[in-house]
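Student: One structure coming up, written as structure tokens, with questions to follow.
Residue numbers (the UniProt record's numbering): 1 to 312.
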């Protein structure tokens, strides 16, 4: 026993920083210069919520049977939940971080494999689904996704055929596989684009989104022009929808020191978040905006952010 204690003391003397280094590793805060936090949804949604509150604000008609794009999808929980709840024709999640894309693909494989997020039309009516599911312990992710559907999905495809993920820098060099999308999501992403690529990067984001969205059909455009006086601008055709959740300026201030680039861009930004709506309507060319924020309830502290829907 005495000899063992002497050996432990000797090891401590040979490497006196071991305890301090391990302590620092445990206490080191994750730095995500692009907002690519590993457990982002874990602390945003929380274990006490059935689903991400933002999903309840979205309209089914924006997604059902539509081609959709999720910019800055992180680990893909919103992307997958939307596919299940609203029955998209397809939905693609894009993120700058390859590790987050791998997380998203892993999540998709996991929930499909365990039948926790299979489309209802793929499940035999005679199967005792509840009994099978109760035999295994579900992760918080699977439980959240299970609760994210209000009505049965009518499509018969498997989620593997509907949901996909790609690594890419949307602002700089990512090339979309589709020419047009019906609905594009950009949720809590603009701050990170702004801090990393400045005002120019933000405008590039908005302009690319506008170009990728489905245009208004020509016959609808003529209808609007001819009848808008009588309709009081209520009819806005079939143009694509851009769902935007910008972070407030105070959030920029809190994250301005994540990198030297962010610190430099923070000082030169001329377009604050409160001006995004005017930029999108007056400069980019969107025709209509709806503020969805009043529908939001149940968000965790610090995440009560405005959510806006813009129509092309």
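Glycine included, every Cβ here is placed at the ideal spot set by N, Cα and C.
Around the C-beta of residue 54, are 16 or more other C-beta atoms found within 10 angstroms, so that it is buried, or is it exposed?
Tutor: Along the chain shown, read from residue 1 onward, the residue named residue 54 stands at position 54. Label assigned to residue 54: buried.
Student: Does DSSP classify residue 74 as helix, strand or coil?
Tutor: Here residue 74 corresponds to residue number 74 of the chain shown, with the count starting at 1. Note: residue 74 maps to coil in three-state DSSP.
Student: Taking the alpha helix (DSSP H) that residue 212 falls in, what are its first and last residues?
Tutor: Locating residue 212 in the chain shown gives position 212, counting from the first residue. It spans 190-212 - the alpha helix (DSSP H) in which residue 212 sits, taken as one unbroken run.
Student: Looking at residue 206: is its Cβ nearer than 8 angstroms to the Cβ of residue 279?
Tutor: Working through the chain shown from its first residue, we reach residue 206 at position 206. Working through the chain shown from its first residue, we reach residue 279 at position 279. Contact: yes.
Student: If you run the structure through DSSP and keep just helix, strand and coil, what is residue 174?
Tutor: On the chain shown, residue 174 is found 174 positions in, with the first residue counted as 1. Note: residue 174 maps to coil in three-state DSSP.
Student: Please confirm whether residue 239 and residue 165 have their CB atoms less than 8 angstroms apart.
Tutor: To locate residue 239, count along the chain shown from 1; it is residue 239. To locate residue 165, count along the chain shown from 1; it is residue 165. No, they are not a contact pair.
Student: Could you tell me which whole beta strand (DSSP E) segments of length 3 or greater appear in the segment 74-114?
Tutor: 90-95
Student: Using only alpha-carbon positions, find the residue among 263, 188, 284 that is nearest to residue 247.
Tutor: Here residue 247 refers to the residue found at position 247 of the chain shown. Ranking 263, 188, 284 by Cα distance to residue 247 puts 188 first.
Student: Considering only residues of the same chain and omitting the five flanking positions on each side of residue 34, which have a CB-CB separation below 8 angstroms?
Tutor: In the chain shown, the residue the question calls residue 34 occupies position 34. Excluding sequence neighbours, residue 34 sits near 96, 97, 192, 196.
Student: Taking residue 36 as the reference, give the member of 85, 159, 51, 168 with the closest Cα.
Tutor: By 1-based counting over the chain shown, the position of residue 36 is 36. Answer by Cα proximity: 168.
Student: Among the candidates 241, 203, 186, whose CA atom is the shortest distance from the CA of residue 213?
Tutor: Sequence index remark: in the chain shown, residue 213 carries index 213 (1-based). Nearest of 241, 203, 186 to residue 213, Cα basis: 241.
Student: Buried or exposed: residue 250, going by 16 or more other Cβ atoms within 10 Å of its Cβ?
Tutor: Locating residue 250 in the chain shown gives position 250, counting from the first residue. The residue is exposed, with fewer than 16 neighbouring Cβ atoms inside 10 Å.
Student: Use the C-beta contact count for residue 107: other C-beta atoms within 10 angstroms, 16 or more gives buried, fewer gives exposed.
Tutor: Looking up residue 107 in the chain shown gives position 107. Looking at its Cβ environment, which holds 16 or more other Cβ atoms inside 10 Å, residue 107 is buried.
Student: If you reduce the DSSP assignment to three classes, tell me which class residue 265 lands in.
Tutor: Counting from one through the chain shown, the residue named residue 265 turns up at place 265. DSSP places residue 265 in helix when its eight states are reduced to three.
Student: According to DSSP, residue 181 sits in a beta bridge with which residue or residues?
Tutor: The count along the chain shown starts at 1 and reaches residue 181 at position 181. According to DSSP, which records beta bridges pairwise, residue 181 is partnered with 213.
Student: Locate the beta strand (DSSP E) running through residue 308, then write down its first and last residues.
Tutor: Here the question's residue 308 lines up with position 308 in the chain shown. Residue 308 -> beta strand (DSSP E) spans 308-311.
Student: Return the residue from the list 276, 304, 294 that minimises the CA-CA distance to residue 310.
Tutor: For the purposes of this step, residue 310 is taken as the residue at position 310 of the chain shown. Closest by alpha carbon: 276.
Student: Out of 273, 190, 198, 83, which one is the CA nearest neighbour of residue 260?
Tutor: What you label residue 260 is simply residue 260 of the chain shown in a count that begins at 1. With distances taken between Cα atoms, residue 260 lies closest to 198.
Student: Whose C-alpha, out of 113, 89, 177, is nearest the C-alpha of residue 161?
Tutor: Residue 161 sits at position 161 when you count from the first residue of the chain shown. Closest option to residue 161, Cα to Cα, is 89.
Student: Any idea what DSSP makes of residue 58, helix, strand or coil?
Tutor: Indexing the chain shown from 1 puts residue 58 at position 58. DSSP places residue 58 in coil when its eight states are reduced to three.
Student: If we call anything under 8 angstroms between Cβ atoms a contact, is residue 52 one with residue 81?
Tutor: Taking the first residue of the chain shown as position 1, residue 52 is located at position 52. Taking the first residue of the chain shown as position 1, residue 81 is located at position 81. In contact: residue 52 and residue 81 (Cβ atoms closer than 8 angstroms).
Student: Check the DSSP bridge columns for residue 283 and list the partner residues they point to.
Tutor: The residue labelled residue 283 in the question sits at position 283 within the chain shown. For residue 283, DSSP assigns no beta-bridge partner whatsoever.
Student: Quick check on this structure: which residue in 186, 201, 64 has the alpha carbon closest to the alpha carbon of residue 262?
Tutor: Working through the chain shown from its first residue, we reach residue 262 at position 262. Ranked by how close their Cα comes to the Cα of residue 262, the residues 186, 201, 64 have 201 in first place.
Student: DSSP state of residue 232, grouped into three classes?
Tutor: Here residue 232 refers to the residue found at position 232 of the chain shown. In this prediction, residue 232 scores a pLDDT of 44, lower than 50, which makes its location untrustworthy; the coordinate-derived value is nonetheless stated afterwards. Residue 232: coil per DSSP, three-state reduction.
Student: Which residues in the same chain have their Cβ closer than 8 angstroms to the Cβ of residue 126, if we skip the five residues on either side of it in sequence?
Tutor: Position 126 of the chain shown holds residue 126. Here residue 126 scores only 37 on pLDDT, less than 50, and its place in the model should not be relied on; the value that follows carries that caveat. The answer is none, since no qualifying residue turns up.
Student: With a threshold of 7 angstroms on Cβ separation, who are the neighbours of residue 271 within its own chain once the five nearest residues in sequence on each side are excluded?
Tutor: Reading the chain shown from its first residue, position 271 is the one you call residue 271. Taken in chain order, the residues that qualify are 199, 202, 279.
Student: Would you grab the beta carbon distance between residue 73 and residue 79 for me? Rounded to a whole angstrom, and I think it's under 8 angstroms.
Tutor: Residue 73 sits at position 73 when you count from the first residue of the chain shown. Residue 79 sits at position 79 when you count from the first residue of the chain shown. The Cβ separation is near 5 angstroms, so the contact holds.
Student: Quick one: what's got a C-beta closer than 7 angstroms to residue 62's C-beta in the same chain, skipping five residues either side?
Tutor: The sequence position of residue 62 within the chain shown is 62, counting from 1. 183, 241, listed in sequence order.
Student: Buried or exposed for residue 257, please, with buried defined as at least 16 other CB atoms from any protein chain shown within 10 angstroms of its CB.
Tutor: For the purposes of this step, residue 257 is identified with residue 257 of the chain shown, where counting begins at 1. Residue 257 is exposed by the Cβ-count criterion.
Student: Could you tell me the distance, in whole angstroms, from the CA atom of residue 286 to the CA atom of residue 245?
Tutor: The count along the chain shown starts at 1 and reaches residue 286 at position 286. The count along the chain shown starts at 1 and reaches residue 245 at position 245. Each residue's Cα considered, the two are about 16 angstroms apart.
Student: Three-state secondary structure (DSSP) at residue 23?
Tutor: Locating residue 23 in the chain shown gives position 23, counting from the first residue. Residue placement at residue 23 is poorly supported in this model, since its pLDDT is 43, which falls under 50; the coordinates still yield a value, given next. Note: residue 23 maps to helix in three-state DSSP.
Student: Does the distance from the C-beta atom of residue 170 to that of residue 208 stay below 8 angstroms?
Tutor: As a position in the chain shown, residue 170 is number 170, starting the count at 1. As a position in the chain shown, residue 208 is number 208, starting the count at 1. Yes, the Cβ-Cβ distance between residue 170 and residue 208 is below 8 angstroms.
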